[in-house]
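Here is the structure we will look at, set down as structure tokens.
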Amino acid sequence: MSLALIAIPAAAHSQPAPRVETGYEVGALGLAAIDRGDWTAAERQLGAMRGVSADDPARLINLGRVYAATGRPELAAESWRQALRSRHHYEVTLGDGTVTTTDKVARAALAQVSFVSR
Numbered sequence: 002m003s004l005a006l007i008a009i010p011a012a013a014h015s016q017p018a019p020r021v022e023t024g025y026e027v028g029a030l031g032l033a034a035i036d037r038g039d040w041t042a043a044e045r046q047l048g049a050m051r052g053v054s055a056d057d058p059a060r061l062i063n064l065g066r067v068y069a070a071t072g073r074p075e076l077a078a079e080s081w082r083q084a085l086r087s088r089h090h091y092e093v094t095l096g097d098g099t100v101t102t103t104d105k106v107a108r109a110a111l112a113q114v115s116f117v118s119r
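Quick note, the sequence shown lines up with residues 2 to 119 if you use the numbering used here.
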């Protein structure tokens with residue numbers, strides 16, 4: 002199954018459009034709030050789990066990002082480990098346009114937090 006999590010801006014000369022969740026209810030993954038650096042709103046959206054399951058790897062990856070950005074590396078690492086344990090991984094499109102899979106994103110995030118904590 003392939004699923005893109007972001008939208009590409011319609012026009013190259015316009016202001017960058019906020020990223021939106023594709024295949025999810027708007028706000029379910031907290032993308033716009035994360036892009037604004039509004040970590041409180043992002044955590045609230047991710048915690049509400051509107052239209053997304055608690056064990057969805059994309060949700061867990063973004064929740065880990067919120068935890069990391071707000072000084073909670075242990076919770077971030079646990080969210081990313083939970084994402085890795087998911088039985089269902091799928092393709093996602095990152096903010097830079099890279100297409101990858103949720104397990105690779107979670108693994109890279111864990112490696113980064115492990116490197117930083119050394």
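The C-beta atom is built at its ideal place from N, Cα and C for all residues, glycine as well.
Check your understanding: Roughly how many angstroms lie between the CA atoms of L47 and L64, to the nearest whole one?
Key -> Against the sequence shown, residue 47 aligns to sequence position 46. Against the sequence shown, residue 64 aligns to sequence position 63. Near 7 angstroms, if we compare the C-alpha coordinates of L64 and L47.
**Study point:** Stretch-stretch touch, CB-based, cutoff 8 angstroms, three pairs: the stretch 83–92 with the stretch 35–51
**Key:** no
Practice item. Let me know if V106 comes out buried or exposed under the rule of 16 or more other beta-carbons within 10 Å of its beta-carbon. Key: Indexing the sequence shown from 1 puts residue 106 at position 105. V106 is buried by the Cβ-count criterion.
**Study point:** C-alpha gap between A70 and A34, whole angstroms
**Key:** As a position in the sequence shown, residue 70 is number 69, starting the count at 1. As a position in the sequence shown, residue 34 is number 33, starting the count at 1. Cα-Cα distance, rounded: 13 angstroms.
Check your understanding: L95 and T102 look like a contact to me (Cβ under 8 angstroms); what is the Cβ gap, rounded to whole Å?
Key -> By 1-based counting over the sequence shown, the position of residue 95 is 94. By 1-based counting over the sequence shown, the position of residue 102 is 101. Their Cβ separation, rounded to whole angstroms, is 11 angstroms, which puts L95 and T102 out of contact at 8 angstroms.
Review point. For the stretch 35–104, which segments carrying the beta strand (DSSP E) assignment without a break, of at least 3 residues, lie completely within its bounds, in sequence order?
Key: 92–94 and 100–102
Point to revise | Close Cβ partners of A59 (< 7 angstroms) along its chain, the five nearest in sequence each way excluded | key: Translated into positions along the sequence shown, residue 59 becomes position 58. The answer, listed in chain order, is L6, L30, V93 and T103.
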